[in-house]
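Peer 1: The letter at position 37 of the sequence shown is residue 36 when you use numbering that gives the first Met the number 0, and the numbering goes up by one with no holes.
All C-beta atoms, glycine included, are put in the ideal place defined by N, C-alpha and C.
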Amino acid sequence: MTDRKWWHSATVYQIYPRSFCDSNGDGIGDLRGITGKLEYIRNLGIDIIWISPMFCSPMDDNGYDISDYRNVDPMFGTLDDMKELLARAKSLGLKIILDLVANHTSDEHAWFVESRDNPQSEKRAFYVWRKGSDGGAPSEIGSVFGGSAWQYDEKSGEYYLHMFSRKQPDLDWHNEKVRDEIFSMMEFWAELGVSGFRMDVIDMIGKQIDQLDFGNNEYTHRYLHEMYERVLGPHDMFTVGETGGANIDRAKLFSDPEREELSCVFQFETIAIDEVPGKSKWALAPFSLDRFKEIVNRWQIQLPGEGCQGLFWCNHDQPRALSRWGTEGEHRVRCAKMMCNLLHFLCGIPFVYQGEEFGMLNGVFDSIEDYNDIEIINYYNSQLEARADMEQVMHSIRTKGRDNARTPMQWDATENAGFTTGTPWLRINPRYREINALAAVNDPDSIYYHYKAVIEYRKQSLTVQYGSFQLLDSDSEVFAYIRENEGERLLIVCNFFGNTPVFSLDESIGECIISNYPDFPTSLSDITLRPYESFAVILN
Ligand code: TEU
Ligand code: CA
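(1) Which residue or residues does DSSP assign as beta-bridge partners of Arg426?
(2) For the beta strand (DSSP E) that Met198 lies in, which residues bound it at each end?
(3) Quick one, what's near ligand 1 if you take every residue whose CB is closer than 5 Å to any heavy atom, in chain order?
(4) Residues around ligand 2, please: the condition is that the C-beta lies closer than 5 Å to some non-hydrogen atom of it.
(5) Less than 7 Å between the beta carbons of Thr242 and Val264, yes or no?
(6) With Ile48 and Ile40 assumed to form a contact (beta carbons below 8 Å), what rounded beta-carbon distance in angstroms separates them?
(7) Round the Cβ separation of Ser262 and Ile272 to the nearest angstrom and send it over; I've been treating them as touching at under 8 Å.
(8) In or out: Asp98 buried (at least 16 other Cβ within 10 Å) or exposed?
(9) So if DSSP puts Trp149 in a beta bridge, which residue, or which two residues, is it bridged to?
(10) Can you tell me whether Asn377 is helix, strand or coil according to DSSP?
(11) Could you name the residues of the same chain whose beta carbon sits closer than 7 Å to that of Arg290, not counting the 5 residues immediately before and after it, in chain order?
(12) Taking the alpha carbon of Gly486 as the point to measure from, which residue in Val463, Asn498, Glu186 has its own alpha carbon closest?
(13) Could you tell me whether the Cβ atoms of Tyr222 and Ile204 are closer together than 7 Å?
(14) Whole angstroms is fine: what's the gap from Tyr465's alpha carbon to Glu305's?
(15) Are the beta-carbon atoms of Ala282 and Ile181 separated by less than 7 Å?
(16) Check for me: the beta strand (DSSP E) holding Val264 runs from which residue to which?
(17) If you measure between the beta carbons of Asn314 and Tyr352, is that distance less than 7 Å?
(18) So what does DSSP say about Ala479, is it helix, strand or coil?
(19) Quick check: the region 440 to 449 against the region 29 to 38, are there 3 or more CB pairs under 8 Å?
(20) DSSP three-state call for Ser287: helix, strand or coil?
(21) Identify every residue that forms a DSSP beta bridge with Ala535.
(22) Suppose contacts are defined by Cβ-Cβ distances below 7 Å. Is Ile427 in contact with Gly358 by that definition?
(23) Contact between the region 3 to 21 and the region 405 to 420 is defined here as three or more beta-carbon pairs at a separation below 8 Å; is this criterion met?
(24) Give me, in chain order, the residues of the same chain whose beta-carbon lies closer than 7 Å to that of Leu591; leave out the 5 immediate sequence neighbours on both sides.
(25) Just how far apart, CA to CA, sit Leu170 and Glu157?
(26) Candidates Arg297, Phe364, Tyr450, Gln150: which alpha carbon is nearest Gly135's?
The following block contains the structure:
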């Protein structure tokens with residue numbers, strides 16, 4: 000068993016501040032709004048809250064373009080509001096982690112302004128500037144948000160690199176001064192009581208752009224280890240790396256405790272299931288449970304011990320999993336509980352994205368004007384220009400667009416779902432009168448209480464935290480597995496769809512843990528599962 004750490008029993012809750020709770024009626028969520036809801040999150044059994052960027056930002060990418068790392072954007076409040084949030088969280092026993100967006104800054108960050116306006120300054124080398132090649136960009140690298148990753152600057156006649164929007168210039172991590180600045184900024188937040196970081200596209204920091212090497216290299220690991228020695232280790236921080244490009248071997252390099260880099264990483268293999276391989280996220284492919292099982296199985300078997308992963312169904316970049324791979328229909332509640340079981344009994348650190356705990360669904364938007372996300376808008380415009388089939392484009396956006404997850408949190412059945420007294424910045428899901436936090440808290444049979452029970456179970460179960468994993472060979476519509484630790488064996492069975500497949504195991508049931516139906520099976524031999532049925536039991 001790996002050395003125990005304070006976060007091994009934890010479940011993390013992700014807050015997208017813009018959409019969480021608005022305290023002053025301007026239609027945008029803010030820090031005071033969060034502070035007022037900390038108790039709700041604590042009651043769910045959560046240990047750690049990850050707050051998506053609330054730093055000063057021109058909001059080109061909703062805060063993932065930071066212009067001042069050491070202050071709060073006025074849209075979200077003040078630094079004092081943040082201190083109050085941290086104090087309140089501490090009194091409730093909640094740890095707060097922030098989003099470290101340090102692959103790039105905003106082009107309005109003072110470093111970049113100086114870098115651009117004064118090519119002689121030290122700040123020039125904070126970013127990646129290159130001369131053009133014959134009449135064009137230095138190379139043909141594309142930005143994640145479409146178009147070239149190079150932006151021409153009239154004044155100096157050079158190009159700067161931006162892997163994301165043109166308002167998100169990439170920092171040059173090979174420059175020691177850049178690393179010093181970032182580490183000292185992290186220290187600033189550590190001293191204010193922050194317990195760790197979620198690290199945005201952290202697998203890209205070591206990139207060597209002239210070699211077309213995007214960061215899958217020794218530099219990335221060297222800089223993370225340096226960060227560990229300087230900040231993370233001394234403060235015993237919990238960290239999760241967004242490492243979209245990582246396979247299992249790389250995930251080990253990032254999260255092997257002995258290497259002293261990150262606590263855990265997010266893998267993106269599962270969320271790429273419903274896209275055509277090698278194409279963009281917008282090229283839709285059907286979900287395959289077999290493929291999903293294969294991926295989860297591989298990661299569950301190979302990673303633990305030498306590494307650790309953050310487990311998630313949803314975040315602010317992905318559509319709501321319940322809409323995406325589950326159901327919005329009559330079995331919505333059952334399905335959400337099944338998906339909760341599937342994920343939360345796995346080995347890793349589970350993450351819950353705001354609203355997931357009571358079954359929030361994808362946003363509902365009428366036309367392109369209703370959307371806000373830069374990735375969606377850029378995609379739409381590029382397709383319009385390319386004279387693509389716009390029906391198909393809108394279908395992709397409705398299915399995969401990031402705004403699906405960014406609609407305001409549905410707190411109650413009052414106007415604007417209790418999110419704001421003003422006009423919400425993004426359209427609220429029309430089903431908020433039925434699907435909201437208050438209704439869930441008032442219903443003992445709700446998704447919320449199912450999550451709470453599973454989260455509490457994990458906290459005291461070494462089998463869930465550290466046990467081995469064995470995928471059972473079951474019907475292709477069933478995801479069933481066993482976790483085992485020191486003689487204790489947990490069986491988790493998930494009927495992933497609305498059909499009634501048969502499940503059978505030559506074992507007998509000991510203690511019943513949780514089910515999404517009012518009863519448990521009495522034996523495991525040839526049981527016909529009910530739609531979306533899922534249970535966890537201890538085997539004799
Ligand atoms: O996302 C990184 C990333 O790879 C995304 O481009 C992701 O693939 C995409 O959103 C899927 O649609 C992080 C943040 O989570 C995201 O919100 C930011 O826009 C991005 O970095 C740039 O900071
Ligand atoms: Ca507000």
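Peer 2: Once the coordinates are examined:
(1) Arg426 pairs with nothing; no bridge assigned.
(2) Counting along the chain, the beta strand (DSSP E) containing Met198 begins and ends at 195 to 198.
(3) Residues whose Cβ lies closer than 5 Å to any heavy atom of ligand 1, listed in chain order: Asp60, Tyr63, Val143, Phe163, Asp199, Val200, Gly243, Asp316.
(4) This criterion selects Asp21, Asn23, Asp25, Ile27, Asp29.
(5) For the 7 Å CB-CB criterion, Thr242 and Val264 form a contact.
(6) Yes, they are in contact, since the Cβ atoms of Ile48 and Ile40 sit about 6 Å apart, within 8 Å.
(7) Their Cβ separation, rounded to whole angstroms, is 25 Å, which puts Ser262 and Ile272 out of contact at 8 Å.
(8) Looking at its Cβ environment, which holds 16 or more other Cβ atoms inside 10 Å, Asp98 is buried.
(9) Beta-bridge pairing links Trp149 to Leu160.
(10) Under the three-state reduction of DSSP output, Asn377 falls in the helix class.
(11) Beyond the five residues adjoining it in sequence on each side, Arg290 comes within less than 7 Å, by CB distance, of Ile272 in the same chain, given in chain order.
(12) For Gly486, the nearest C-alpha among the options comes from Val463.
(13) Yes. Within cutoff.
(14) Roughly 12 Å separates the two Cα atoms.
(15) The criterion of a C-beta distance shorter than 7 Å is not satisfied by Ala282 and Ile181.
(16) Its beta strand (DSSP E) spans residues 263 to 265.
(17) In contact: Asn314 and Tyr352 (Cβ atoms closer than 7 Å).
(18) Note: Ala479 maps to strand in three-state DSSP.
(19) Taking 8 Å as the limit for Cβ pairs, the verdict is that the region 29 to 38 does not touch the region 440 to 449.
(20) Here Ser287 sits in coil by DSSP.
(21) Bridge partners of Ala535: Ile491, Ile513.
(22) Not in contact: Ile427 and Gly358 (Cβ atoms no closer than 7 Å).
(23) Taking a cut-off of 8 Å on C-beta distances, the region 3 to 21 touches the region 405 to 420, as three or more cross pairs fall below it.
(24) Since the first and last residues shown for the chain are 0 and 539, residue 591 lies out of range.
(25) Distance from the CA atom of Leu170 to the CA atom of Glu157, rounded to whole angstroms, is 16 Å.
(26) Answer by Cα proximity: Gln150.
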